[in-house]
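S.K.: The structure's right below; bear with me while I get my questions together.
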Amino acid sequence: MNYTKEIHKYKGFKLLSLDLRGNSLMGKSNLFYSFVDGNDKQNLIYTTVIIGANGTGKSNLFRIIIELLKELNDLSRGKNRSYNVDGNFNLRFSVNGDIFEYANIISGAESADNNSVYEKGNAAFLLRNGEKVNFENAQFPLAIVANSIMLTDKFPFYRKEDNGKGEKVEAFKQYKYLGVRNIPQSASTRAYVRRTVGFIVEQFEKRESNKTGFIAALKRATDFLELENSIEIFYYTSNNAKFFKGDLTPNNLDDYFESIKKKYPRAEDNPPFKLNQYLKIKDDRKLIKSICEFCNNLVNDEKLEKLPYKYSSIRKMTYNLIEPKSFEKLNAEYAMLEHLRQLGMISSPEIQLKRAGGYSLQESSSGEYHFFSSIVGLMATVKATNSLILIDEPEISLHPNWQMKYLSFLRELFGHSEYATCHILVATHSHFLISDLKGDSSKILGLKRTGKEIEVIDLPKEIDTFGWSAEDVLYNVFKVVSTRNKFVAEDIAEILNELSTGDKNKTNKLSRKKYDELIELELALKESDPLKRVVRTILTKVFK
């Protein structure tokens with residue numbers, strides 16, 4: 000491989016290729032994925048779309064990529080390899096021009112069927128620009144963001160680990176999971192919204208330009224959904240008679256939780272979460288006092304809104320993200336709000352979008368919910384430079400019109416030149432997404448299953464799908480044909496027109512070029528389709 004031509008060719012982070020052989024998640028197929036066209040522009044964020052039917056391993060591919068980067072991260076910190084990825088592999092990526100390979104095989108990088116493997120087994124190694132280096136020399140994307148709204152997503156979920164000092168720290172600090180699971184085997188919409196609010200607050204703590212850009216991005220998201228430019232985060236109070244009369248004291252708080260503690264004298268009695276949280280902080284008297292003062296100020300300063308129900312004592316706290324001052328207030332109070340939530344004194348946060356009458360994010364259509372929450376999560380976690388963004392099936396619950404605009408919205412969202420150093424991978428089974436993909440800064444990979452084998456189809460670069468209709472994509476990319484697909488009829492008409500010239504040389508040339516394609520069409524068309532008879536006639540009368 001000629002590394003000299005590739006070094007410093009790519010800007011920022013680019014995931015270049017993955018050679019997989021004998022991996023159990025992929026049915027032990029030999030697969031080679033080339034994610035980037037080296038001739039494409041490097042001044043725009045790069046997008047790779049991986050499209051295929053269910054069962055072609057799209058989600059598992061994303062999981063394997065993350066697991067390999069996690070393994071390399073562990074090795075770079077002196078830990079042992081986890082062996083979460085079996086079989087043979089070669090993951091190639093570029094960081095600021097240098098080409099890295101984390102692998103246990105040397106790949107020819109052209110095909111998974113090549114014979115250039117001269118090192119096998121599970122002894123993983125690292126190459127930089129073709130030369131072996133120690134794992135501590137590894138470089139990584141600044142952020143690895145995994146986004147999915149599916150309850151059954153395949154993205155890894157890493158628990159915090161002990162740092163040797165009795166502290167729990169992130170096991171893979173670059174990795175951000177944006178999904179609905181709150182633990183590996185459990186999913187929660189409430190936890191997902193809470194995590195989204197946390198990401199929003201993180202944005203405020205970054206530099207001022209990030210905050211301004213984030214608010215502008217939120218406005219673009221509401222415009223995309225044809226909603227009002229108002230995004231509110233709100234909390235409901237709980238047990239007003241105890242906590243929100245304006246006279247709460249540390250002794251009151253102690254008495255309340257002590258009464259609960261008496262009901263759970265033993266640890267195995269499974270005490271409620273709020274009691275455990277109280278026991279953790281009860282000796283911090285300064286914090287307990289601050290909690291009481293915060294609750295009293297909410298009441299005495301009339302910051303709590305009454306609900307439009309006659310006999311309800313519940314109150315509401317609201318923060319509008321589109322208004323900078325309200326955004327600033329949320330940031331200033333968020334840590335205290337989290338203490339109150341964990342102590343059961345207020346609800347988990349909700350996000351409210353505004354149409355006529357307003358409604359919470361949970362009450363919105365599933366398409367609006369999925370789109371808005373994922374966009375907020377992406378904007379809050381993607382670093383402006385050198386990020387890898389993995390989005391699994393964003394089309395779920397999205398109207399076809401939104402699907403066709405989705406990638407252009409991402410390009411607009413990450414249109415600043417800083418994001419040109421990032422790489423987006425989108426896994427989808429929607430042909431609508433492809434019709435909005437620009438060819439000069441993107442690539443399409445098709446996945447196809449034949450029996451137990453998975454096949455990777457590298458869409459030729461000369462095929463530009465930007466602006467294609469759904470029929471274009473179905474026929475020209477995936478060879479899906481029907482009587483309603485005018486492109487089938489156009490191809491057949493072109494063949495018949497050329498045959499009608501009587502030019503023997505042209506007929507022979509046509510035979511070599513079109514025979515296999517016509518065979519595919521004949522097999523794909525239904526028996527009831529009149530075009531099937533035309534194709535058979537051409538094959539039997541002309542291509543003898």
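Numbering (numbering that gives the first Met the number 0), first residue to last: 0 to 543.
Every residue gets a Cβ at the ideal spot worked out from N, C-alpha and C, and that includes glycine.
So the candidates are Asp-457, Ser-441, Ser-440, Asp-439; which of them puts its Cα closest to the Cα of Lys-447?
M.R.: It is Asp-457 whose Cα lies nearest to the Cα of Lys-447.
S.K.: Alpha carbon to alpha carbon, how far is Lys-437 from Leu-409? Give it in angstroms, no decimals.
M.R.: So the alpha carbons of these two residues sit roughly 12 Å apart.
S.K.: Would Arg-193 and Pro-348 be called neighbours here (beta carbons separated by less than 8 Å)?
M.R.: Yes. Within cutoff.
S.K.: Would you call the stretch 122-137 and the stretch 368-386 touching, i.e. three or more CB-CB distances under 8 Å?
M.R.: The answer is no - the stretch 368-386 does not touch the stretch 122-137, with fewer than three Cβ pairs under 8 Å.
S.K.: Given 8 Å as the limit, is there contact between the stretch 328-336 and the stretch 252-261, that is, 3 or more CB pairs closer than that?
M.R.: They do not touch, by the three-pair rule.
S.K.: Mind reading off the beta-carbon distance from Thr-47 to Ser-416? Whole number of angstroms is fine, and I expect it under 8 Å.
M.R.: Between Ser-416 and Thr-47 the Cβ distance is about 20 Å, and since that is not below 8 Å, they are no contact.
S.K.: Using C-beta distances below 7 Å, list every residue in its chain close to Gly-21, excluding the 5 sequence neighbours before and after it, in chain order.
M.R.: Lys-27, Gly-86, Asn-87, listed in sequence order.
S.K.: For Arg-535 and Glu-521, I'd like the C-alpha separation in whole angstroms.
M.R.: Going from the Cα of Arg-535 to the Cα of Glu-521 covers about 7 Å.
S.K.: Within its chain, find whatever has a CB closer than 6 Å to the CB of Glu-454; leave out the 5 residues flanking it on each side and keep chain order.
M.R.: Once the five neighbours on either side are set aside, the close Cβ partners of Glu-454 are Lys-447.
S.K.: Assign Gly-11 to one of two classes, buried (16 or more other C-beta atoms within 10 Å of its C-beta) or exposed (fewer than that).
M.R.: Buried, by the Cβ-count rule.
S.K.: May I ask you to verify whether the stretch 55-63 touches the stretch 23-43, counting CB pairs closer than 8 Å and requiring at least 3?
M.R.: The stretch 55-63, when compared against the stretch 23-43, does touch it at the 8 Å Cβ threshold.
S.K.: Measure the alpha-carbon distance for Glu-267 versus Ser-311 and round it to whole angstroms.
M.R.: Going from the Cα of Glu-267 to the Cα of Ser-311 covers about 36 Å.
S.K.: Going by the DSSP bridge assignment, what does Arg-314 pair with across the sheet?
M.R.: Per DSSP, Lys-305.
S.K.: Measuring alpha carbon to alpha carbon, tell me which residue in Val-425, Thr-539, Val-533, Ile-494 is nearest Gly-51.
M.R.: It is Val-425.
S.K.: Ordered along the chain, which non-local residues of its own chain (more than five positions away) have a Cβ less than 6 Å from that of Asp-161?
M.R.: Cβ neighbours of Asp-161 beyond the five flanking positions: none.
S.K.: Ala-145 bridges to which residues according to DSSP?
M.R.: Looking at the DSSP assignment, Ala-145 forms a beta bridge with Tyr-176, Leu-389.
S.K.: In the DSSP output, which residue or residues are listed as bridge partners for Thr-427?
M.R.: Note: Thr-427 sits in a beta bridge opposite Ile-50.
S.K.: How far does the beta strand (DSSP E) with Ser-75 in it extend, from its first residue to its last?
M.R.: Ser-75 -> not in any beta strand (DSSP E); alpha helix (DSSP H) instead, spanning 57-75.
S.K.: Count the C-beta pairs between the stretch 426-433 and the stretch 32-44 that are closer than 8 Å, then say yes if the count reaches three, no if not.
M.R.: Too few Cβ pairs lie closer than 8 Å, so no.
S.K.: Would you mind working out which of Ile-537, Thr-384, Asn-103, Leu-14 sits nearest Tyr-418, comparing C-alpha positions?
M.R.: For Tyr-418, the nearest C-alpha among the options comes from Thr-384.
S.K.: Under a Cβ-count criterion, where at least 16 other Cβ atoms within 10 Å of its own Cβ denotes burial, should Ala-102 be classed as buried or exposed?
M.R.: Buried, since its Cβ has 16 or more Cβ neighbours within 10 Å.
S.K.: Grab the span of the beta strand (DSSP E) containing Asn-330 for me, first residue to last.
M.R.: It is not in any beta strand (DSSP E) - Asn-330 instead sits in the alpha helix (DSSP H) that spans 323-341.
S.K.: For the stretch 194-201 and the stretch 163-173, state whether three or more C-beta atom pairs, one from each stretch, are separated by less than 8 Å.
M.R.: The stretch 194-201 is not in contact with the stretch 163-173.
S.K.: On a CA-only basis, which of Tyr-234, Lys-159, Phe-61 is nearest Ser-346? Give me that one, please.
M.R.: The shortest C-alpha separation from Ser-346 is found at Tyr-234.
S.K.: Hey, is the stretch 145-156 in contact with the stretch 88-96, meaning 3+ C-beta pairs nearer than 8 Å?
M.R.: Contact between the stretch 145-156 and the stretch 88-96 is absent, because fewer than three Cβ pairs lie under 8 Å.
S.K.: Starting from Tyr-32, trace the beta strand (DSSP E) both ways and give me its first and last residue.
M.R.: Where Tyr-32 is concerned, the enclosing beta strand (DSSP E) stretches over 29-33.
S.K.: Name the two residues that bound the continuous alpha helix (DSSP H) containing Val-298.
M.R.: Element bounds for Val-298: 284-299.
S.K.: Excluding the five sequence neighbours on either side, which residues of its own chain have a C-beta within less than 7 Å of the C-beta of Tyr-117, listed in chain order?
M.R.: Bear in mind that a pLDDT of 40 at Tyr-117, under 50, signals an unreliable position, so the number given afterwards is only what the model happens to contain. So the list reads Ile-105, once near-sequence residues are dropped.
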